[in-house]
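Colleague: The working numbering numbers the first residue of the sequence shown as 2 and each following residue consecutively.
From the three backbone atoms N, C-alpha and C, an ideal C-beta is built for every residue, glycine too.
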Amino acid sequence: MTLARIKGKANKADIMVGVYYRPPNQDVEIDEIFYQQLAELSQSLTLVLVGDFNFPDISWEYNTAEREQSRRLLECVEDNFLTQLVKGNIVTKDEEKAEVLNAYFASVFSSGTSCSLDSQPHELGDREGKQNEGITIKEEEISDLLHRLDAHKSMGLDGLQPRVLKELADVLPKPLSIIYMKSWLTGEVPIDWRVANVTPIYKKGKKEDPGNYRPVSLTSIPGKVMEQVILSAITSHITWKL
């Protein structure tokens, strides 16, 4: 291990910086000598250690390891109150950052559902349990929703600006009502409404950790309007049945 002391400014403690490389086949005895040095340094100085320990079986997220030698390093880290500051490689290019964030968001995304959407009927039942003809999509309701759009909101991946949709609120309800009804009857949603621009929003903590970001999806505005139409129809139906 190579060490260098960085002198602190007035009223600031010195920092010891160490660089260490551990060969994959290093003996246990040499590991123990290193751990002893690490313990002594961490008790007397602020220590920053960088390097490659060659313990690929360590899960830093869950603080677990498969091999005994790897677990010994985890014990040393815990016993000496050390903290791993960097998980993985730091990426600097925008494309690399996008890939890292995308991989993290995908890993925590849950696609599970409590029911099979394909098996659900599209009709709504009446008070006697009989199936009626389904919902009625009114052009007036679509027009009202378009008029109430915030023109300053961001657009979805389809490129349709909310300002344009709002200005055409008296023209678009007819074609949109046809699309909405077709979607309801077939149980299918246009592909453009299923994709989104995902923006990572920083929450708190270390900015290098992708877990400290939450994804915000900018989806199609016509798709959002349809969601409101369907929600309104289902809510009205449930209220009527009660």
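1. When the Cα of E209 is compared with those of Y22, I16 and V101, which residue comes out closest?
2. Could you pull out every residue in the same chain whose Cβ sits closer than 6 Å to the Cβ of S120, ignoring the five residues on either side in sequence?
3. Return yes when the Cβ of L219 is within less than 7 Å of the Cβ of G160, no when it is not.
4. Consult DSSP for R68 and reduce its assignment to one of helix, strand or coil.
5. Is DSSP giving M182 helix, strand or coil here?
6. Report the residue ranges of all beta strand (DSSP E) runs contained in full by the stretch 182-211; include only those spanning at least 3 residues, in chain order.
7. Tell me the DSSP secondary structure of V226 in three-state form.
8. Let me check one thing: in DSSP terms, what residues is Y214 bridge-paired to?
9. Identify whether A1 lies in helix, strand or coil by the three-state DSSP scheme.
10. From the DSSP output, which residues share a beta bridge with V51?
11. Which word fits G224, buried or exposed, when buried means at least 16 other C-beta atoms lie within 10 angstroms of its C-beta?
12. CA-CA distance, L48 and R23?
13. Three Cβ pairs or more, each shorter than 8 Å: is that satisfied between the stretch 225-235 and the stretch 172-186?
14. Take D193 as the anchor and find which of I91, I180, I202 and T200 has the nearest alpha-carbon.
15. Is T3 helix, strand or coil when you go by DSSP?
16. Looking at K167 and L146, is the spacing between their C-beta atoms short of 7 Å?
17. Is the separation between the beta-carbon of E67 and that of D58 shorter than 7 Å?
18. Could you work out which residue in K154, I143, A152 and N198 is closest to P176 when comparing CA atoms only?
19. Can you look up S60 in the DSSP assignment and give me helix, strand or coil?
20. Going by DSSP in three states, L219 sits in which element: helix, strand or coil?
21. Measure the C-alpha to C-alpha separation of L42 and F54 and round it to an integer number of angstroms.
22. Expressed to the nearest angstrom, what Euclidean distance is found between the alpha-carbon atoms of R164 and A197?
23. What residue from A107, V172, T240 and R149 has the CA that sits closest to Y214's CA?
Modeller: By the coordinates alone:
1. What you label residue 209 is simply residue 208 of the sequence shown in a count that begins at 1. Checked all of Y22, I16 and V101; the closest Cα to E209 is V101.
2. Within the sequence shown, the letter at position 119 stands for residue 120. Because the pLDDT of S120 is 46, which lies under 50, any placement of that residue in the model is unreliable, and the number read from its coordinates should be weighed accordingly. Cβ neighbours of S120 beyond the five flanking positions: none.
3. Residue mapping note: residue 160 aligns to position 159 of the sequence shown, counting from 1. Residue mapping note: residue 219 aligns to position 218 of the sequence shown, counting from 1. No; because the gap between Cβ atoms is not below 7 Å, this pair is not in contact.
4. As a working note, residue 68 is residue 67 in the sequence shown. Looking at R68 - three-state DSSP - the assignment turns out to be coil, as it is neither helix nor strand.
5. Residue mapping note: residue 182 aligns to position 181 of the sequence shown, counting from 1. Three-state DSSP puts M182 in a helix.
6. 198-203
7. Translated into positions along the sequence shown, residue 226 becomes position 225. Correct three-state label for V226: helix.
8. Locating residue 214 in the sequence shown gives position 213, where the first residue counts as 1. Y203.
9. Nothing can be reported for residue 1, as the shown portion of the chain is limited to 2 through 243.
10. Locating residue 51 in the sequence shown gives position 50, where the first residue counts as 1. The partner list for V51 (beta bridge, DSSP) reads V20.
11. Locating residue 224 in the sequence shown gives position 223, counting from the first residue. Looking at its Cβ environment, which holds 16 or more other Cβ atoms inside 10 Å, G224 is buried.
12. Looking up residue 48 in the sequence shown gives position 47. Looking up residue 23 in the sequence shown gives position 22. Their Cα atoms are separated by approximately 18 Å.
13. yes
14. Taking the first residue of the sequence shown as 1, we reach residue 193 at position 192. Here the closest residue by C-alpha is I180.
15. Along the sequence shown, one-based indexing puts residue 3 at 2. Of the three classes helix, strand and coil, the one that applies to T3 here is strand, per DSSP.
16. The residue given as residue 146 occupies position 145 in the sequence shown. The residue given as residue 167 occupies position 166 in the sequence shown. Taking 7 Å as the Cβ cut-off, L146 and K167 do not qualify as a contacting pair.
17. Position 66 of the sequence shown holds residue 67. Position 57 of the sequence shown holds residue 58. Yes.
18. The sequence position of residue 176 within the sequence shown is 175, counting from 1. The shortest Cα separation from P176 among K154, I143, A152 and N198 belongs to I143.
19. On the sequence shown, residue 60 is found 59 positions in, with the first residue counted as 1. Looking at S60 - three-state DSSP - the assignment turns out to be strand.
20. Position 218 of the sequence shown, counted from the start, is the residue given in the question as residue 219. Here L219 sits in strand by DSSP.
21. Counting from one through the sequence shown, the residue named residue 42 turns up at place 41. Counting from one through the sequence shown, the residue named residue 54 turns up at place 53. Distance between the alpha carbons of L42 and F54 is about 18 Å.
22. Within the sequence shown, residue 164 is the residue found at index 163, counting from 1. Within the sequence shown, residue 197 is the residue found at index 196, counting from 1. So the alpha carbons of these two residues sit roughly 19 Å apart.
23. Against the sequence shown, residue 214 aligns to sequence position 213. Answer by Cα proximity: A107.
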